[in-house]
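Structure first, then comments.
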Amino acid sequence: MYIEKVEIENFRIFGKKVEIFFQKGLNMLIGENNSGKTAVIDAIRLVMNLGTYKRKLYMDESDFHVDEYGRRSEKARISIYFDDLTVNQKSELLYLSDITDSNSNKAEIHVNYLSYLNNKGEFRVKEDVVGFNEQYIPDKECLQKLTNIYMPALRNAENDMKPSKYSQLSKLLLRFANTKEKKESLIKIVNNMNESILKDDTVSEMQDDINNNLKMIEKEIINQKVNISMSESTINDIGATLKLTNKKELNKICISNEEKEEIIKEQKINIDKYIEEVNDTEYILDIQKMKKDHIELKNILRDRIEVNYLIRQNGLGYNNILSMATELSSSKESSIDDFLLMLLEEPEAHLHPQLLYLLNDFLQENNNMQIILTSHSPTLISRFKINKLIALQKNEDKIKISNLSKIEFDEGEQEIIERYLDVTKSQMFFAKGIIFVEGITEALLINEFSKTLNRDLDKYAVEIVNINGVDFEPFAKIFQVEKNKNLLSIKCAIITDDDRCTNSSDNEYFIRKEEIESYSKIVDDEFEKISNKLNNGNISNRAKKILKYSKNNIKVVTAKKTFEYELAKIRENRTIILEILSEIHPQIYDLIEPYKDIHNDELFATKIWIAIKDSKSEFAQKLLNKLILGNSFKVPNYIREAIEHVTEKIVEDDNNEID
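Residue numbering for the sequence shown is 9 to 667, as defined by this note's numbering.
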């Protein structure tokens with residue numbers, strides 16, 4: 009059993025009804041601050057806690073949606089749809105299930121909230137709960153089957169694990185001590201300990217002293233006596249006394265002469281080769297060295313090397329991990345019919361990247377419960393399956409929810425994206441705009457070009473994503489809003505080369521590798537022939553395919569042949585390009601320099617393209633350095649179009665937005 013879908017209407021940031029689809033196992037809600045992630049989690053909590061004895065979350069006045077005109081809604085609604093119920097779960101959730109269809113394994117619960125003022129003018133909320141198809145009213149016992157583990161973003165792990173009746177360990181004990189026999193066994197052990205304590209001389213002395221004082225006060229008038237006894241133990245009392253400590257094994261310990269002899273006697277070995285004398289009375293014993301020799305450590309040593317630390321001595325991040333591990337232990341003792349749901353906000357709090365990777369691996373492997381978490385962490389996102397992500401986007405006062413599980417990838421395309429989604433590229437999910445580029449050359453220069461155009465990408469929250477190749481199509485599918493209204497609608501630009509004249513079947517315009525292999529061996533007539541091919545040749549089939557995605561929020565722009573060709577085609581850029589060429593290929597520079605005033609821009613661009621085809625990265629780095637130093641430069645039109653597209657205000661169809 010798992011939550012398949014949640015519907016929310018007029019709750020906090022959400023006005024019109026929204027649908028959020030979830031899957032079994034792990035799900036991640038991502039998005040910028042105040043985009044509704046916590047509202048989704050709290051909406052689920054409101055419903056899942058309906059049967060809880062002591063609820064910590066209630067619908068109040070501030071939870072009703074306020075529209076753009078300042079009007080607060082009087083009604084709100086939250087619905088949760090479940091799927092894959094077992095036979096027993098369907099029986100337990102009878103009023104939430106479709107009892108008319110014995111083959112159905114679905115259930116649903118709907119909660120309608122109505123705000124009103126009572127006779128005293130006080131704000132109140134009426135809560136109406138109905139089950140499947142809104143036909144049945146579930147009883148308390150049914151609602152008690154809906155439970156969840158909730159870990160907030162600003163959690164106090166140390167406080168949650170302090171000994172108390174409501175601590176994490178106390179709740180966990182009730183989960184593990186789930187039979188009468190287990191409970192009675194624990195209580196018996198504690199009662200035996202209590203009896204032993206009462207027999208101790210210290211307790212007897214305390215009791216005698218109290219009775220002597222009573223006798224002195226009462227004289228012979230009352231003459232009563234008291235007995236000290238332990239309070240009766242219950243399983244809740246036992247849970248309230250449990251605490252966590254960190255156990256650490258020491259690698260070396262300091263021992264005295266007497267302890268040395270005692271260890272030798274117990275271990276039945278000569279430990280001289282493992283000790284280092286400090287002074288006449290003390291030694292350092294190397295425990296690790298002993299263990300390497302496969303020597304079993306017996307009682308004395310085991311007691312000496314284990315040191316317990318209180319959790320308040322830990323850092324915030326480690327206590328965060330301890331708290332999660334304790335909560336997740338609840339699922340280990342669960343039966344197949346238990347519904348296990350964890351709601352986890354920002355697990356990345358206080359954790360360094362490597363520990364985040366390990367936490368993610370653990371969560372991914374935890375298959376016996378559904379986990380819905382929120383995160384701002386590109387580190388976590390980079391390790392997630394793309395179809396497990398649910399993106400919440402905020403555009404002014406409107407929220408759009410994109411269920412990436414709905415993307416229709418061709419075979420192998422999802423793997424391509426997940427392979428490319430490192431920590432840097434994962435930041436695109438939080439951007440207001442994205443520019444996809446082929447390689448490091450464009451990635452180095454696009455940001456500087458934007459400043460030249462007074463469209464600094466950082467100010468517009470635009471990310472540049474270098475995909476290290478030309479496989480743009482899987483990325484475009486994430487953002488193509490016209491095909492599936494449920495996908496991301498971020499402004500995107502794809503900058504790529506059109507790679508014209510690379511189709512070997514096009515005999516007239518195909519440029520063979522050997523034609524451009526060595527610049528110095530090409531004569532003027534051959535340069536003109538190559539330039540003519542570039543002017544009239546067809547763009548590559550790959551470029552034609554990606555150009556089909558250029559509509560609505562996606563703009564695909566292509567360079568004529570290559571990025572470097574387009575740069576060199578602009579006459580105002582010749583001086584700076586020739587300066588760079590003189591630094592990286594001085595001999596070729598001597599051959600091209602006489603053509604610096606040539607009127608044929610296409611021919612000059614052809615010469616530069618061939619001259620630097622094997623040193624693109626070096627060319628880009630030197631050009632970047634010159635731009636930073638303030639050298640004048642004209643940005644090619646196709647790049648200008650891409651930058652202007654992603655820095656314009658996003659305007660969407662009403663069907664894509666949520667009021």
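Backbone N, C-alpha and C define an ideal beta-carbon position, used for all residues, glycine too.
From residue i to residue j, what does the alpha carbon distance come to, in whole angstroms?
i, j, result
"asparagine 307", "glutamate 284", "22 Å"
"histidine 118", "valine 138", "5 Å"
"isoleucine 442", "threonine 249", "54 Å"
"serine 123", "glycine 129", "12 Å"
"tyrosine 291", "isoleucine 303", "19 Å"
"valine 7", "threonine 242", "Residue 7 is absent from the model: the chain starts at 9 and stops at 667."
"leucine 496", "lysine 630", "36 Å"
"lysine 459", "lysine 433", "21 Å"
"isoleucine 246", "lysine 170", "13 Å"
"glutamate 76", "leucine 542", "54 Å"
"serine 175", "isoleucine 157", "13 Å"
"arginine 53", "leucine 154", "10 Å"
"isoleucine 502", "leucine 58", "48 Å"
"phenylalanine 480", "asparagine 560", "17 Å"
"isoleucine 145", "arginine 550", "58 Å"
"aspartate 294", "tyrosine 428", "47 Å"
"alanine 613", "lysine 552", "23 Å"
"glutamate 665", "histidine 653", "Bear in mind that a pLDDT of 40 at glutamate 665, under 50, signals an unreliable position, so the model cannot answer this."
"glycine 39", "valine 95", "37 Å"
"isoleucine 562", "leucine 359", "36 Å"
"glutamate 15", "phenylalanine 90", "12 Å"
"leucine 371", "leucine 34", "7 Å"
"serine 413", "threonine 187", "41 Å"
"isoleucine 225", "glutamate 213", "18 Å"
"glutamate 269", "asparagine 200", "36 Å"
"leucine 348", "glutamate 649", "50 Å"
"lysine 114", "valine 445", "45 Å"
Quick check on the DSSP output: the beta strand (DSSP E) that includes residue i runs from which residue to which?
i, result
"threonine 504", "499 to 505"
"lysine 13", "10 to 17"
"serine 123", "115 to 125"
"leucine 37", "34 to 39"
"leucine 381", "378 to 383"
"phenylalanine 483", "Element bounds for phenylalanine 483: not the beta strand (DSSP E) but the alpha helix (DSSP H), 481 to 487."
"glutamate 471", "470 to 474"
"glutamate 135", "131 to 138"
"isoleucine 530", "Premise fails: isoleucine 530 is in no beta strand (DSSP E) and is neither H nor E."
Measuring from the CB of residue i, is there a heavy atom of the ligand COA at a distance below 7 Å?
i, result
"asparagine 411", "With respect to small molecules bound, the structure shown includes none, and the ligand COA cannot be examined in it."
Might you give, ordered along the chain, the residues of its own chain that have their beta carbon closer than 7 Å to the beta carbon of residue i, omitting 5 neighbours on each side?
i, result
"lysine 624", "Thr449, Glu572"
"proline 644", "Glu574, Leu575, Ile578"
"phenylalanine 19", "Ala47, Ala51, Asp71, His73, Ala84, Ile86"
"isoleucine 21", "Gly44, Ala47, Ile407"
"threonine 289", "Ser264, Asn265"
"glutamate 626", "Ile592"
"tyrosine 517", "Cys509, Lys541, Asn544, Gly545, Asn546"
Could you give the C-beta distance for residue i and residue j, rounded to a whole number, given that I count them as a contact under 8 Å?
i, j, result
"threonine 570", "aspartate 466", "Not a contact, Cβ separation roughly 27 Å."
"threonine 566", "isoleucine 547", "7 Å"
"glutamate 314", "glutamate 267", "With a Cβ gap of about 16 Å, glutamate 314 and glutamate 267 do not count as contacting."
"alanine 628", "leucine 461", "Not a contact, Cβ separation roughly 18 Å."
"leucine 637", "glutamate 536", "Incorrect: roughly 35 Å between the Cβ atoms, too far for contact."
In its own chain, which residues sit with a C-beta less than 6 Å from the C-beta of residue i, not counting the 5 before and 5 after it?
i, result
"tyrosine 66", "none"
"serine 112", "Asp106"
"methionine 238", "Asn202"
"isoleucine 596", "Tyr527, Ala619"
"methionine 9", "Phe90, Asp92, Leu93, Gln97, Phe347"
For the alpha helix (DSSP H) containing residue i, name the first residue and the last one.
i, result
"phenylalanine 90", "That residue, phenylalanine 90, is in no alpha helix (DSSP H); its beta strand (DSSP E) goes 83 to 91."
"alanine 47", "45 to 56"
"methionine 350", "Element bounds for methionine 350: not the alpha helix (DSSP H) but the beta strand (DSSP E), 349 to 353."
"valine 654", "645 to 654"
"arginine 310", "307 to 313"
"lysine 96", "The displayed chain sequence assigns asparagine, not lysine, to residue 96. Start and end: 95 to 100."
"tyrosine 1", "This structure cannot settle anything about residue 1, because the visible part of the chain is limited to 9 through 667."
"lysine 630", "624 to 636"
"asparagine 199", "188 to 206"
"isoleucine 448", "448 to 460"
Can you confirm whether residue i, when its beta carbon is compared against all beta carbons of chain D, has any partner nearer than 8 Å?
i, result
"threonine 210", "Among the chains in the structure shown there is no chain D, since it carries only a single protein chain."
For residue i, which residues of its own chain have a beta-carbon under 8 Å away from its beta-carbon, when the five flanking residues on both sides are left out?
i, result
"valine 234", "Gln215, Ile218, Asn219, Leu222"
"aspartate 609", "Lys577, Ile578, Arg579"
"isoleucine 195", "Ser241, Thr242, Ile243, Ile246"
Runs of alpha helix (DSSP H) wholly within the stretch 541 to 618 (minimum 4 residues, chain order): If we require 4 residues or more, the alpha helix (DSSP H) runs fully inside the stretch 541 to 618 come out as 549 to 555, 571 to 577, 582 to 592, 594 to 600.
Start-end ranges of the alpha helix (DSSP H) lying completely within the stretch 249 to 296, minimum 4 residues: Annotation note: the stretch 249 to 296 contains the following uninterrupted alpha helix (DSSP H) runs of length 4 or greater, listed N- to C-terminal: 265 to 275.
Uninterrupted beta strand (DSSP E) stretches inside the stretch 387 to 427 (no shorter than 3 residues): Entirely contained in the stretch 387 to 427, the beta strand (DSSP E) runs reaching 3 residues are, in chain order, 397 to 403, 406 to 411.
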